[in-house]
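These protein sequence lines map, in sequence, to chains A and B. Taking this note's numbering, the leading residue of the first sequence gets 27, the next gets one more, and so forth. Taking this note's numbering, the leading residue of the second sequence gets 27, the next gets one more, and so forth.
Protein chains: 2
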Amino acid sequence: MFDKFPILRATRDGIKEMEDIVVKEFHLTIILNEHELVTLLCSPEKLDFLAIGFLLSEGLINSKRDIKEMDLDVEGNLVRVATKKPQKFPKDIPSKRLIGSSGGKGASPFAGIDTQSKIDTSIHVSPSEVLDLIDQFVYRSELFESTGGVHGAALCDTKNILVFSEDIGRHNAIDKVFGECLLRDMPTDDRLLVTSGRVSSEILSKAARRRTPLLISKSAPTNLGVQFAHEVGITLIGFVREKRMNIYTHRWRVLSHGN
Amino acid sequence: MFDKFPILRATRDGIKEMEDIVVKEFHLTIILNEHELVTLLCSPEKLDFLAIGFLLSEGLINSKRDIKEMDLDVEGNLVRVATKKPQKFPKDIPSKRLIGSSGGKGASPFAGIDTQSKIDTSIHVSPSEVLDLIDQFVYRSELFESTGGVHGAALCDTKNILVFSEDIGRHNAIDKVFGECLLRDMPTDDRLLVTSGRVSSEILSKAARRRTPLLISKSAPTNLGVQFAHEVGITLIGFVREKRMNIYTHRWRVLSHGN
């Protein structure tokens, strides 16, 4: 995940030569049914999970059965995925920064998801369980956070981390988690998703597509993230820091102390 | 830049109701020569600068003279830009996470820039000047960082911040700075660009297009960011923290103590 580089370390008092590690950036092109779909900037691990998770997040596949075959070519910076049914090729692919044309023009940014029924899974969690999960999460992320500002994501039950991924992109880290869950036949609709990054409407939409009822972030949500969580039925907990957290939506899943 | 929401603040000891601020997320669709180009997830400030900066970063315009007219419609979530010459419409638009098709297939991620001559501007900076600039930068960013995890970007000379922007996206913050510089006729080729965010190859490419010789980040670069900075002639300084920094490339622009 890292390269070494000779650098200069400078302070107000002087400059000295040393070696430092730098996080790797990889470019992965996804080819869907012989059609070049997108090139992702990512960390070079779990590329198969990333590809499948990306297709899931974009609604291009919905289950493992949709996948006919997958061929990862790391040397060639590409992965080929074939689906059983011919996939309608999207005009544009939304991303962290971009929304497909259909989402523009003042339309809902949640196009393609808002027709789903509201998530009403009655899983519950206590503040102490959330803080304990974040402790585990920070422990797993520690090296990467300190050296490269890498983002982490995890699928959890109320006690333990079940799947963990990291990536230079917060979107990719989540896609890797959901991709791994799909390929390993792990359900996501009664679990908690933990992310280190900010929760925008797009991050929310990833959890909504997988019908994950609880989304927990170390960082802040945006207003549209909060609004979307409210609409789709996701309990959104943000700014989990040290001993506290903010509960933004669907607070009924959070048991208060003593319950 | 913020909305207020009722939230629950939870700790191990209990839960209480309160109100908290949440950063706004805005969706801006750029229409270039009557063609829908892209929708950006951004903060709802300086949208004209963002649109122009985005077009600059994508190489769709290169100077103020290329712009025939611009019409910002905030209510409609869109901005219309017309160029003097008919613009060849790109098949794909690179983003924080995506690279256009032409950049995939193992080709250089820096397509369209690598033919430029090396940046050799002989501006110099001392470690103390960098630390003082970052102090100013952090002071300007303080509210936003603490409340919303918003990214900042600034164009500076060796002593002062000249232009400052913030946005929920680190790419947008930089595009806003360069867009403002273009519209205000401020040169960028003998300045320093400061960013709060990680320096990937894409961030480097923005500075390279504007021929800004020094790029300073509070965060880490990626290996391709370092490699690209080396190739195009940009002095890359990262991990500026408290009293120290890492100089990754073209160290000759950094004057050691006493010079």
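Where is the CB? At the ideal position from N, CA and C, for every residue including glycine. What you are looking at is a predicted structure, and each value in this text was computed from that prediction instead of being measured.
The criterion of a C-beta distance shorter than 8 Å is satisfied by Ile-260/A and Ile-145/A.
Ser-191/B sits buried, since 16 or more C-beta atoms from the chains shown fall within 10 Å of its C-beta. Close to Ser-282/B, with beta-carbon spacing below 7 Å, are these residues of chain A in chain order: Gly-40 and Ile-41. Runs of the alpha helix (DSSP H) spanning 4 or more residues and lying entirely within the region 180-236 of chain B occur at 196-209 and 227-235, in chain order.
Considering only beta carbons, the part of the region 44-60 of chain A lying closer than 8 Å to chain B consists of Asp-46, Val-48, Val-49, Lys-50, Glu-51, His-53 and Thr-55, in chain order.
Nearest to Glu-51/A by C-alpha distance, out of Leu-230/A, Glu-60/A and Leu-73/A, is Leu-73/A. Comparing alpha carbon positions, the residue from Leu-241/B, Pro-213/B, Leu-208/B and Ala-234/B closest to Ala-77/B is Leu-208/B. DSSP places Ala-77/B in the uninterrupted alpha helix (DSSP H) bounded by 73-83. Residue pairing by DSSP places Val-280/B opposite Val-151/B in a beta bridge.
Between Arg-277/B and Thr-221/B, the alpha-carbon positions lie close to 19 Å from each other. Against chain A, a Cβ distance below 7 Å from Asp-29/B picks out Asn-249. Within the region 234-272 of chain A, the runs of beta strand (DSSP E) that reach at least 3 residues and sit entirely inside it are, in chain order, 240-243 and 261-267. At a cut-off of 8 Å between C-beta atoms, Met-271/B counts as an interface residue with respect to chain A. By the rule that beta-carbons nearer than 8 Å mark a contact, Glu-228/B touches chain A. If you draw a straight line from the Cα of Glu-84/B to the Cα of Thr-109/B, it comes to about 14 Å. Residue pairing from DSSP places Thr-55/A in a beta bridge opposite Thr-65/A and Leu-104/A. Note on Glu-206/B: 16 or more other CB atoms within 10 angstroms of its CB, so buried under the neighbour-count rule. Legend: CB atoms of the region 203-235 of chain A lying less than 9 Å from CB atoms of chain B belong to residues Gly-223, Arg-224, Ser-226, Ser-227 and Glu-228. Secondary structure of Lys-42/B (DSSP, three-state): strand.
Ile-87/A is outside the set of residues whose beta carbon lies under 8 Å from a beta carbon in chain B. Contact between the region 159-166 of chain A and the region 176-186 of chain A is present: three or more C-beta pairs spanning the two stretches fall below 8 Å.
DSSP places Asp-97/A inside the beta strand (DSSP E), whose first and last residues are 93-99. With contacts defined as CB atoms closer than 8 Å, Thr-37/B and Arg-38/A fail to qualify as a contacting pair. Excluding residues up to 5 positions away in sequence, Pro-32 and Leu-34 lie with their Cβ nearer than 7 Å to the Cβ of Glu-43/B in the same chain. The region 216-230 of chain A makes no contact with the region 98-108 of chain A, as fewer than three CB pairs between them are under 8 Å.
Pro-153, Ser-154, Val-156 and Leu-157: these are the residues of the region 141-160 of chain B whose beta carbon lies less than 8 Å from some beta carbon of chain A, given in chain order. Around Ile-33/A, the beta-carbon contacts reaching into chain B at under 8 Å are Asn-272, Ile-273 and Tyr-274. By the neighbour-count criterion, in which a residue is buried when 16 or more other Cβ atoms sit within 10 angstroms of its Cβ, Ser-89/B is exposed. The closest CA to that of Glu-268/A, considering only Ile-194/A, Pro-153/A, Ala-199/A and Pro-112/A, is found on Pro-153/A. At a beta-carbon threshold of 7 Å, the residues of chain B lying near Thr-37/A are Pro-153, Lys-269 and Arg-270, ordered along the chain. Contact check for Arg-106/A and Asp-97/A: beta-carbon distance about 5 Å, within the 8 Å limit, so the pair qualifies. Check the Cα spacing between Lys-30/A and each of Ile-47/A, Gly-40/A and Ile-41/A: the tightest is with Ile-47/A.
Between the alpha carbons of His-61/A and Lys-94/A lies a gap of roughly 15 Å. Using a Cβ distance threshold of 8 Å, Ile-194/A and Arg-224/B count as a contacting pair.
Taking 8 Å as the CB threshold, Ser-83/A stays off the interface with chain B.
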